[in-house]
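Residue numbering for the sequence shown follows the UniProt record's numbering, starting at 1 and increasing by one per position.
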Amino acid sequence: MSFAGTGVVAIWHDLLPEAKDEFYEWHNREHMPERAGIPGFRRGRRYIALDPGPEYFNLYEADTVEVLGSQDYLLRLNSPTPWTKQVVPSFRSVARSICHVAYSDGIGQGAYLMTVRFDVPSAARADVVKGLRQRILPPLADRPGITGVHLCLADEAVSKMETAEKKARSEGTQVPTWIVMIEGCRADYVRTAVDAFVAGLAALPGAAAVAPDCTLYQLEYTRCKTPWSAG
């Protein structure tokens with residue numbers, strides 16, 4: 001389906017092996033319900049990697065990018081709970097982007113999702129966005145087994161804001177600037193669609209030298225406003 005709003009938080013990370021049991025309890029029982037309860041947040045999802053790459057991918061959908069820079073959200077980021085302070089230092093190789101949704105189309109949530117991270121020279125940005133939205137992405141949403149195709153562009157200023165939660169991590173945080181997500185019913189459907197996307201991206205003027213970073217994930221958990229709600 002299309003994303004539930006025009007704002008997205010996308011987070012990739014690894015985790016110390018000894019912290020996994022505590023991470024799952026914290027993330028399922030406290031962190032994701034807390035985030036989903038923030039005004040303007042619609043849905044949170046957690047995925048686990050099936051390819052080499054960051055082990056976890058977390059995706060939050062919000063009404064707008066402004067929600068993701070709001071006092072309600074910043075209050076949470078600057079007032080981490082004791083449980084959050086205990087778990088977050090075990091994160092490794094964190095990448096986090098607060099994004100505007102530039103394109104989103106689909107018919108539902110898929111069990112498999114591949115993230116494609118890349119960068120485009122600033123001079124080519126407008127042309128590449130236009131080419132992706134008008135030519136490359138729409139046909140992918142119609143492919144067999146594909147349930148959603150999305151393009152997200154990072155708001156770098158908001159993404160780089162310093163918060164107490166960010167400072168609690170033991171390492172710095174990267175900010176991917178261009179993110180395509182393709183989700184579907186089966187891993188092979190998603191891989192084939194991503195192959196088509198990467199070929200289409202390379203054919204766009206200004207994007208020929210782009211080297212996408214692709215990782216396939218499987219859905220582990222979804223949280224909306226309440227455990228039983230669809231939104």
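Built from N, CA and C at the ideal position, the CB exists for glycine as well.
So which of the options has the shortest CA-CA distance to residue i?
i: cysteine 185; options: Pro39, Met161, Gly145 and Leu137; result: Gly145
i: proline 17; options: Cys224, Arg92, Thr173 and Val120; result: Arg92
i: aspartate 105; options: Leu132, Pro121 and Ala209; result: Leu132
Assuming residue i and residue j are in contact, meaning their beta carbons sit under 8 Å apart, how far apart are those beta carbons, in whole angstroms?
i: alanine 141; j: cysteine 99; result: That pair is no contact at about 19 Å.
i: alanine 95; j: proline 176; result: 6 Å
i: alanine 164; j: proline 80; result: 6 Å
i: isoleucine 48; j: glutamine 218; result: 6 Å
i: histidine 150; j: threonine 84; result: Actually they are not in contact, since the Cβ atoms of histidine 150 and threonine 84 sit about 28 Å apart, beyond 8 Å.
i: threonine 148; j: glycine 110; result: According to the sequence as given, residue 148 is glycine; it is not threonine. Between glycine 110 and glycine 148 the Cβ distance is about 6 Å, and since that is below 8 Å, they are a contact.
i: phenylalanine 3; j: glutamate 61; result: 5 Å
Would you check if the distance between the CB atom of residue i and the CB atom of residue j is smaller than 7 Å?
i: valine 180; j: valine 116; result: yes
i: glycine 200; j: isoleucine 107; result: no
i: threonine 222; j: arginine 45; result: yes
i: valine 129; j: valine 8; result: no
i: glutamate 183; j: leucine 113; result: yes
Where do the ends of the beta strand (DSSP E) carrying residue i lie?
i: glycine 44; result: 41-49
i: valine 94; result: 91-106
i: threonine 115; result: 112-118
i: threonine 147; result: 146-154
i: valine 9; result: 7-15
Use the C-beta contact count for residue i: other C-beta atoms within 10 angstroms, 16 or more gives buried, fewer gives exposed.
i: proline 82; result: exposed
i: leucine 75; result: exposed
What first and last residue would you give for the alpha helix (DSSP H) that runs through residue i?
i: alanine 141; result: 137-141
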